[in-house]
Amino acid sequence: MLQELLGAAAALGSVGVVYLAMAARVVKQYERGVLFRLGRVAGDTRQPGLTLVIPFVDRLHKVNMQIVTMPVPAQEGITRDNVTVRVDAVVYFRVVDATSALVKVEDYKFAVSQMAQTSLRSIIGKSDLDDLLSNREKLNQGLELMIDSPAVGWGIQVDRVEIKDVSLPDTMKRSMARQAEADRERRARIINADAELQASRKLAEAAEQMSDQPAALQLRLLQTVMAVAAEKNSTLVLPIPVELLHFLEKGPQQPAPNGDGKQRSG
53 MLQELLGAAA ALGSVGVVYL AMAARVVKQY ERGVLFRLGR VAGDTRQPGL
103 TLVIPFVDRL HKVNMQIVTM PVPAQEGITR DNVTVRVDAV VYFRVVDATS
153 ALVKVEDYKF AVSQMAQTSL RSIIGKSDLD DLLSNREKLN QGLELMIDSP
203 AVGWGIQVDR VEIKDVSLPD TMKRSMARQA EADRERRARI INADAELQAS
253 RKLAEAAEQM SDQPAALQLR LLQTVMAVAA EKNSTLVLPI PVELLHFLEK
303 GPQQPAPNGD GKQRSG
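So the mapping is simple: our numbering equals the position in the sequence shown, first residue as 1, plus 52.
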């Protein structure tokens with residue numbers, strides 16, 4: 053009799069161990085468990101740790117709650133100023149409601165990917181080329197809002213959206229390079245013209261001051277001669293002042309002969 057009781061206890065213990073092994077589930081720290089009992093959601097989401105389910109009746113689905121980094125394939129479109137571009141991006145999102153992510157959408161990752169591609173094409177059509185190249189922060193915020201609006205109902209939260217690269221046709225790249233070169237040349241000419249204007253004003257002031265003091269012109273001439281003479285391999289040409297030429301033109305005047313200029317006969 054005792055042996056039969058011991059055998060029954062051992063059998064019950066074995067069944068209990070087998071049942072516990074089939075009923076025990078482990079939910080990791082970065083996961084949440086959604087329990088379906090006969091096809092219906094039962095209770096709240098299961099927290100990390102050991103949890104028990106009813107074998108053959110309950111099904112436990114684990115949902116990853118970590119941030120997912122999803123690249124968005126390059127989308128080709130025409131900007132508002134009629135330029136064909138290819139733009140790719142990356143989306144950072146995570147699940148905040150595990151039950152909604154499983155029940156309200158068939159595949160939340162695929163749904164977010166398709167929504168991101170559609171929103172990216174829409175952003176391309178609404179933006180100018182200059183905005184895509186230089187105003188990406190504003191476009192990132194608009195793209196994030198477009199993706200996050202429908203994703204909230206799926207239990208998804210979009211943390212950030214970044215535009216990675218904007219590819220332009222080769223002809224457009226050459227045109228932009230020529231435009232940038234022309235703009236740099238225009239700025240250089242404006243700077244040179246402004247420098248000439250300032251120099252002419254200073255020269256006019258210097259000429260006006262030298263006209264009041266003629267000796268200043270002679271001193272400036274001597275300074276120029278000294279600066280040129282410092283170069284051993286240069287030929288020095290010394291200019292003659294105009295005043296000196298005027299003095300030489302006048303010269304000593306010859307006295308006129310007496311009478312009408314005829315010689316007297318003896």
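The beta carbon of each residue, even a glycine, is placed where N, CA and C say it ideally should be.
So which of 89, 156, 100 has the shortest CA-CA distance to residue 202? Position 150 of the sequence shown, counting from 1, holds the residue named residue 202. It is 156 whose Cα lies nearest to the Cα of residue 202.
For a test of the three-state rule: what should DSSP assign to residue 70, helix, strand or coil? Here the question's residue 70 lines up with position 18 in the sequence shown. Residue 70: helix per DSSP, three-state reduction.
Evaluate contact between the segment 144 to 152 and the segment 179 to 189, counting only Cβ atoms and requiring at least three cross-stretch pairs below 8 Å. With the rule of 3 Cβ pairs closer than 8 Å, the segment 144 to 152 does not count as touching the segment 179 to 189.
If we count Cβ pairs, one from each stretch, closer than 8 Å, do we get three or more for the segment 130 to 147 versus the segment 92 to 108? Contact between the segment 130 to 147 and the segment 92 to 108 is absent, because fewer than three Cβ pairs lie under 8 Å.
Classify residue 160 as buried or exposed, calling it buried when 16 or more other Cβ atoms lie within 10 Å of its own Cβ. For the purposes of this step, residue 160 is taken as the residue at position 108 of the sequence shown. Classification for residue 160: buried.
CA-to-CA distance, residue 241 to residue 247, given in whole angstroms: Along the sequence shown, one-based indexing puts residue 247 at 195. Along the sequence shown, one-based indexing puts residue 241 at 189. Approximately 10 Å, taken between the alpha carbons.
Ordered list of beta strand (DSSP E) runs contained in the segment 125 to 205, each at least 3 residues: Runs found: 136 to 147.
Considering only C-alpha positions, which residue in the set 125, 198, 229 is nearest to residue 216? Locating residue 216 in the sequence shown gives position 164, counting from the first residue. Residue 216 has its Cα closest to that of 125, out of 125, 198, 229.
How big is the Cα-Cα spacing for residue 64 and residue 80? Residue numbering aside, residue 64 sits at position 12 when the sequence shown is read from its first letter. Residue numbering aside, residue 80 sits at position 28 when the sequence shown is read from its first letter. C-alpha separation (whole angstroms): 31 Å.
Locate the beta strand (DSSP E) running through residue 254, then write down its first and last residues. Locating residue 254 in the sequence shown gives position 202, counting from the first residue. The continuous stretches of beta strand (DSSP E) do not include residue 254, which lies in the alpha helix (DSSP H) extending over residues 222 to 264.
Grab me the residues of residue 116's own chain with a C-beta within less than 8 Å of its C-beta, minus the 5 sequence neighbours each way, in chain order. Here residue 116 corresponds to residue number 64 of the sequence shown, with the count starting at 1. 82, 83, 147, listed in sequence order.
Where do the ends of the beta strand (DSSP E) carrying residue 90 lie? For the purposes of this step, residue 90 is taken as the residue at position 38 of the sequence shown. Looking at the DSSP string, residue 90 is not in any beta strand (DSSP E), and its letter there is neither H nor E.
Using the beta-carbon count (16 or more within 10 Å), is residue 154 buried or exposed? Your numbering for residue 154 matches position 102 in the sequence shown. By the Cβ-count criterion, residue 154 is buried, with 16 or more other Cβ atoms from all chains shown falling within 10 Å of its own Cβ.
Which one of 261, 134, 171, 137 has the shortest CA to CA distance from residue 214? Translated into positions along the sequence shown, residue 214 becomes position 162. Relative to the Cα of residue 214, the nearest Cα in the group 261, 134, 171, 137 belongs to 171.
For residue 211, tell me which candidate among 133, 119, 268 has the shortest Cα-Cα distance. Taking the first residue of the sequence shown as position 1, residue 211 is located at position 159. It is 119 whose Cα lies nearest to the Cα of residue 211.
From which residue to which residue does the beta strand (DSSP E) around residue 217 run? In the sequence shown, counting from the first residue as 1, residue 217 sits at position 165. Start and end: 208 to 219.
Tell me whether residue 233 is buried or exposed, calling it buried when 16 or more other Cβ atoms sit within 10 Å of its Cβ. Taking the sequence shown and counting its residues from 1, the one referred to as residue 233 is at position 181. Counting Cβ neighbours within 10 Å, residue 233 comes out exposed, since fewer than 16 surround it.
For residue 279, three-class secondary structure by DSSP: For the purposes of this step, residue 279 is identified with residue 227 of the sequence shown, where counting begins at 1. The DSSP-derived three-state label of residue 279 is helix.
Report, in whole angstroms, the separation of the C-beta atoms of residue 73 and residue 104, which I expect to be a contact under 8 Å. Position 21 of the sequence shown, counting from 1, holds the residue named residue 73. Position 52 of the sequence shown, counting from 1, holds the residue named residue 104. Distance from residue 73 to residue 104 at the Cβ level is roughly 11 Å; contact not present, criterion being Cβ atoms closer than 8 Å.
Can you tell me where the beta strand (DSSP E) holding residue 101 begins and where it ends? Translated into positions along the sequence shown, residue 101 becomes position 49. First-last of the beta strand (DSSP E) with residue 101: 101 to 104.
Check residue 85 in the structure and name its three-state DSSP category. In the sequence shown, the residue the question calls residue 85 occupies position 33. Residue state, collapsed to three classes: strand.
Just how far apart, CA to CA, sit residue 175 and residue 238? Along the sequence shown, one-based indexing puts residue 175 at 123. Along the sequence shown, one-based indexing puts residue 238 at 186. If you draw a straight line from the Cα of residue 175 to the Cα of residue 238, it comes to about 34 Å.
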